[in-house]
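Data block below; observations after.
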């Protein structure tokens, strides 16, 4: 499959509608289910004011929004790292969009330059996101209990990507 042409666009006020499209039982099945309107508004505000990373809308060349992808700073096991997460709307899944978006966000995190490692923590049951991690070249560190959403542990895979390694294009 050819790599799809996508653009990452910095998150803006107008992306609240995209956040609402992502907030469905199917899209949020692996992360605690849909959020309330108040939770969505707080999340949107966090995305707009994100420090130590960047939040993006994933767009096709014609400007159609297909999902979101981000990276942000956190401490994991005593080390400052980036974490990344992504969502691709159901009608765009299976087309390589998440893989292309994660590759683009790795480049953005590498350019940001604060940390060597970028981690992703998909649920062990989230086959699609675990496949993206494999395709992009993350290393599976371990299966672990990960707190998300806050107050709830989920069984996740800890995938790690070395931002200091030579750039490869495995996907």
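Numbering (full-length UniProt numbering), first residue to last: 1 to 171. Note that CB positions come from ideal geometry on N, CA and C, so glycine has one too.
Quick one: is residue 102 buried, meaning 16 or more other Cβ sit within 10 Å of its Cβ, or exposed?
-> buried
Euclidean distance between Cα positions of residue 76 and residue 67 | Put simply, the backbone Cα of residue 76 is about 26 angstroms away from that of residue 67.
Skipping 5 residues on each side, what residues in its chain have a beta carbon closer than 6 angstroms to that of residue 100?
-> 3, 4 and 6
Just checking my contact of residue 143 with residue 157 at CB under 8 angstroms: how many whole Å lie between their CB atoms?
-> Sure, about 6 angstroms apart at Cβ, within 8 angstroms.
Secondary structure at residue 157, three-state DSSP: helix, strand or coil?
-> strand
Secondary structure of residue 70, DSSP reduced to three states | Residue state, collapsed to three classes: strand.
Could you tell me whether the segment 103–119 touches the segment 12–30, where touching means 3 or more Cβ pairs closer than 8 angstroms?
-> no
Are the CB atoms of residue 140 and residue 58 nearer to each other than 8 angstroms?
-> no
In terms of alpha-carbon separation, which member of 160, 79 and 129 lies closest to residue 93?
-> 129
Figure out for me which residue from 110, 115, 20 and 31 has the closest Cα to the Cα of residue 78.
-> 115
Which residue comes first and which comes last in the beta strand (DSSP E) that contains residue 58?
-> 53–59
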